[in-house]
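Engineer: Below: one structure in structure tokens.
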Amino acid sequence: MRKNINKLATLVMTGALATSMSFGAFAFNFTIPKKVTVDMGNTTKAPQTTFALTVSGVEAATDSQGNEITPANVKKNITDIGATTPTEYSVTPGTSTQAGQISLQGAAFGDNSVLKDIKDDNNKTIGQYYEGSFSATIADSIFKAPGVYSFTVKETNSGYTGIKYDGATYTMYVFVIQDNGTNKVDGVILADESGKKIADITNDFGADSDNNSTHNITITKDVDGNAGDTQKEFTFNISVAPKANSDTTKVPTSQKFTLTDAAGTAHTISADNASVGYSIKEGQEIKINGLTADYDVYVTEVQANADGYTTTYTANGVNDISGLTDNKLTSASDTIKFEVTTDNATLQIKNYRQNVTPTGVAMDIAPYALMVALAGGAAATFLRKKESFED
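Okay, so the sequence shown: first residue is 1 according to this note's numbering, each after it adds one.
Structure follows, in structure tokens:
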């Protein structure tokens with residue numbers, strides 16, 4: 001019995017392996033590089049999303065008997081990367097049925113995405129981007145004849161916060177050859193509308209001047225008044241969360257930001273509304289980078305309005321939605337809530353403490369001291385006159 005089971009298991013595994021090898025042998029696999037450029041000075045974390053492509057063809061025409069008619073060939077000039085002159089091909093428009101059989105996998109970005117530099121001819125860093133890739137599989141069986149087939153490729157705009165999507169329409173050319181009597185996909189080129197092969201599909205995440213979508217804010221402490229202790233550390237609790245009623249597929253809690261503390265150490269914080277404490281004193285600062293206006297930032301001060309201090313704040317470059325009267329923090333439970341709308345936004349939290357020297361006692365005894373002094377002077381004058389009279 002056990003031998004039979006082992007035989008069956010061996011047959012199943014062998015069949016599965018054969019199927020896998022068969023599929024790999026009769027399909028063409030390729031990748032399309034994907035880049036997301038970011039603001040070089042903003043330390044922006046990678047978007048937590050998967051970008052997708054759609055591929056489409058033309059509707060197949062049919063004759064009077066309902067038989068599918070092969071679309072007419074057209075002439076297309078295609079220029080490979082690095083080539084100076086295009087090559088003309090006779091191209092057959094791919095059908096929607098064929099397009100539906102092409103498997104496309106999205107380009108995933110997130111915590112494991114690697115930040116890379118863009119260099120100029122002098123090896124100077126002029127930009128930064130995160131890199132990923134789309135992957136695709138095209139089965140040989142889709143095509144009934146050799147030739148060059150064309151399909152339309154577009155990126156899906158899923159509306160992720162801060163992302164400027166690639167709105168171009170590309171053409172995917174699939175090269176099919178006959179190999180030992182069977183049709184075989186031999187290569188794929190993705191080209192722009194001019195027929196030039198593209199190196200990648202690029203999205204922007206706040207780097208372009210016309211897409212200033214990611215911002216930074218600097219939080220500072222100011223201690224004032226003759227009793228203000230400029231060496232005292234004040235603790236801020238800071239958190240970030242999507243705005244109320246946000247679509248969390250577009251504004252997710254998994255998005256990360258860079259927070260740099262007073263010592264210059266960079267930390268990663270998430271938009272999950274988890275509060276983390278950081279301490280600063282007079283002249284120090286905390287920075288948060290990579291924020292879009294779809295996220296709210298929350299700041300509280302543990303020592304607000306305590307130990308004789310009056311605590312107020314001033315914000316610039318933000319949409320303040322705190323609702324605090326006269327920008328005053330009356331206790332540790334008062335929260336400064338805002339969205340960052342511009343680069344280099346600022347939030348200054350000021351603690352003021354003033355001591356007044358008591359003067360009431362001195363004023364109370366002054367008249368009496370004056371009276372004593374006058375009385376003493378009068379007595380001295382009287383005694384001198386008396387001595388003169390007796391002489």
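Here a beta-carbon is modelled for each residue, glycine too, at the ideal position from N, C-alpha and C. A quick note: this is a predicted structure, and the numbers were derived from the prediction, not measured.
(1) Taking the alpha-carbon of P33 as reference, which of I163, G110, S90, G132 has the nearest alpha-carbon?
(2) Nearest chain C C-beta to K116 closer than 8 Å, yes or no?
(3) When DSSP builds the beta bridges, which residues end up paired with E131?
(4) To the nearest angstrom, report how far apart V251 and T85 are at their CA atoms.
(5) Given a cut-off of 8 Å on the beta-carbon distance, is the pair N226 and Q348 in contact?
(6) Within 10 Å of its beta-carbon, does G162 have 16 or more other beta-carbons around it, so buried, or fewer, so exposed?
(7) Go to A99, then tell me how far its alpha helix (DSSP H) extends in each direction, as first and last residue.
(8) Within the continuous beta strand (DSSP E) that includes S270, where are the two ends?
(9) I201: which of V176, G167, G187, I217 sits nearest, CA to CA?
(10) Quickly, what does DSSP pair N180 with across the bridge? List them, please.
(11) Report yes if the C-beta distance between Y130 and V36 is below 8 Å; otherwise report no.
(12) Cutting at 8 Å between CB atoms, please list the residues of its own chain near V302, excluding the five before and the five after it.
(13) Based on the DSSP secondary-structure assignment, which residues constitute the bridge partners of Q65?
(14) Give the secondary structure of S20 by DSSP, where H, G and I count as helix, E and B as strand, and everything else as coil.
(15) Please say whether F175 and V153 have beta carbons closer to each other than 8 Å?
(16) Give the straight-line distance between the Cα atoms of E282 and T311, rounded to the nearest whole angstrom.
(17) Which one of T182, L329, N305, A241 has the shortest CA to CA distance from Y295?
(18) Per DSSP, G147 is paired with what?
(19) What would DSSP say about S90, mapped onto helix, strand or coil?
(20) I'd like to know whether the C-beta atoms of I288 and F257 end up nearer to each other than 8 Å.
(21) I'd like to check one pair, L53 with F134: are the Cβ atoms closer than 8 Å?
(22) Within a Cβ cutoff of 8 Å, which residues of the same chain sit near T169, ignoring the five residues on either side of it in sequence?
(23) Run the CB neighbour count on T95, radius 10 Å, all protein chains shown included, and call it buried at 16 or more, exposed below.
(24) Which residues in the same chain as N273 place their Cβ atom closer than 8 Å to its Cβ, once the five residues preceding and following it in sequence are excluded?
(25) Cα separation between T92 and D121?
(26) Go ahead and label A145 buried or exposed: buried means 16 or more other beta carbons lie within 10 angstroms of its beta carbon, across all protein chains shown.
(27) Measure from the alpha carbon of G157 to the alpha carbon of each residue in I81, K243, T249, N112, then state which is nearest.
(28) Helix, strand or coil for D326, going by three-state DSSP, please let me know.
(29) Near G24, what residues of its chain come up, given a Cβ to Cβ distance below 8 Å and the 5 sequence neighbours on each side ignored?
Structural biologist: The structure says:
(1) Comparing alpha carbon positions, the residue from I163, G110, S90, G132 closest to P33 is G132.
(2) No chain C is part of this structure, which consists of one protein chain only.
(3) Note: E131 sits in a beta bridge opposite K35.
(4) So the alpha carbons of these two residues sit roughly 45 Å apart.
(5) In this structure, N226 sits away from Q348, with a CB-CB distance that is not shorter than 8 Å.
(6) By the neighbour-count rule (16 or more Cβ atoms within 10 Å), G162 is buried.
(7) Segment 96 to 100, the alpha helix (DSSP H) holding A99.
(8) In this chain, the beta strand (DSSP E) harbouring S270 covers 266 to 270.
(9) For I201, the nearest C-alpha among the options comes from G167.
(10) For N180, DSSP records no beta bridge to any residue.
(11) The answer is yes: Cβ separation under 8 Å.
(12) F234, T235, F236, N237, G277, A332, listed in sequence order.
(13) Residue pairing by DSSP leaves Q65 without any beta bridge partner.
(14) Legend: pLDDT at S20 = 38, less than 50; position of this residue unreliable, value from coordinates given subsequently. Helix.
(15) Result no, Cβ atoms of V153 and F175 do not sit closer than 8 Å.
(16) A straight line joining the alpha-carbon of E282 with that of T311 spans about 14 Å.
(17) Ranked by how close their Cα comes to the Cα of Y295, the residues T182, L329, N305, A241 have A241 in first place.
(18) Answer is V176, bridged to G147.
(19) Residue state, collapsed to three classes: strand.
(20) Taking 8 Å as the Cβ cut-off, I288 and F257 qualify as a contacting pair.
(21) Yes, the pair counts as a contact, with Cβ atoms nearer than the cut-off.
(22) Result list for T169: T152, V153, K154, E193, in chain order.
(23) With a threshold of 16 other beta carbon atoms within 10 Å, T95 meets it and is buried.
(24) Once the five neighbours on either side are set aside, the close Cβ partners of N273 are S239, V240, A241, T253, Y298.
(25) If you take the alpha carbons of T92 and D121, they lie about 40 Å apart.
(26) In summary, A145 is exposed, with fewer than 16 beta-carbon neighbours lying within 10 Å of its beta-carbon over all protein chains present.
(27) Just to set this straight, residue 157 is Asn in the shown sequence, not Gly. Closest in alpha carbon position to N157, among I81, K243, T249, N112, is T249.
(28) If DSSP states are grouped into helix, strand and coil, D326 belongs with the helices.
(29) Confidence at G24 is low in this model, with a pLDDT of 48, below 50, so the placement of that residue should be treated as unreliable; the coordinate-derived value is given next. No residues qualify anywhere along the chain.
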